[in-house]
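Numbering follows full-length UniProt numbering, in which position 162 of the sequence shown is assigned residue number 162; successive positions increment by one, without gaps.
Glycine residues also receive a C-beta, built at the ideal position from the N, C-alpha and C atoms.
Below you'll find the structure, written out as structure tokens, and then a few comments.
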Amino acid sequence: MEKFELREINETIDKKTLYPYIDATEFNDKIKKAIKRMLGVVIPSGDNDINLDFDDVKIIMRHGGMGFSGVGEHDGENSAVEALKKAIVDSSLDYNFMNQVSGILIHFELHPDLPIINIAEAMDIIHKNTNNEADIAWGTTTDRSISKNYVKVTILFTGFEKNKLKHMAVNNIY
């Protein structure tokens, strides 16, 4: 009988090499897009990253209920705030309903020279529009190849109750 060994894998994973495998699956495009979003969130690629990991994802996902995800991008002034607003709109979850979710995962992709105050301003929008009991996890990935004023936000809301859906138009429910 072979000996079973549990060990840590210290290899670097490049999310871009995984994308062709995801594209080759028979999942529909929305599922493929969601998988790529999550890979971008949990696989670090920059030296100055504030990492989210699978434990953060598990904490946010444990709330169950309906989930909404969105992506927003902005290149220019107030890029983190504007990208966050676009991600919220893309998720189809209205600001009026944000206080009814119990988990939020937010990922910012940005240039390492973008001042962190920009992220704080964006997170202030989240805190002002959610209840104090929501679990919120956020992280960043830095990329020197993008514009210094460019930010891409991926957001995931979880724990929304299905019976409240009749009050809103919904496009990105998972």
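- Contact between Met-66 and Phe-160 holds: CB atoms are separated by about 4 Å, below the 8 Å threshold.
- For Gln-100, the closest C-alpha among the options Thr-130, Ala-83 and Ala-80 is that of Thr-130.
- Taken in chain order, the complete alpha helix (DSSP H) segments of 4 or more residues contained in the stretch 75-146 are 79-91 and 117-129.
- Under the DSSP assignment, Lys-152 falls in the beta strand (DSSP E) whose first and last residues are 150-160.
- Of the residues Ala-134, Ile-106 and Lys-58, the one whose Cα lies closest to the Cα of Ala-83 is Ile-106.
- Beta-bridge annotation (DSSP): Gly-65 is not paired with any residue.
- Contact annotation, Ser-102 with Thr-158: C-beta distance approximately 7 Å; criterion of less than 8 Å satisfied.
- For Asp-56, the CB contacts under 6 Å within the same chain, skipping 5 residues up- and downstream, are Ala-137 in chain order.
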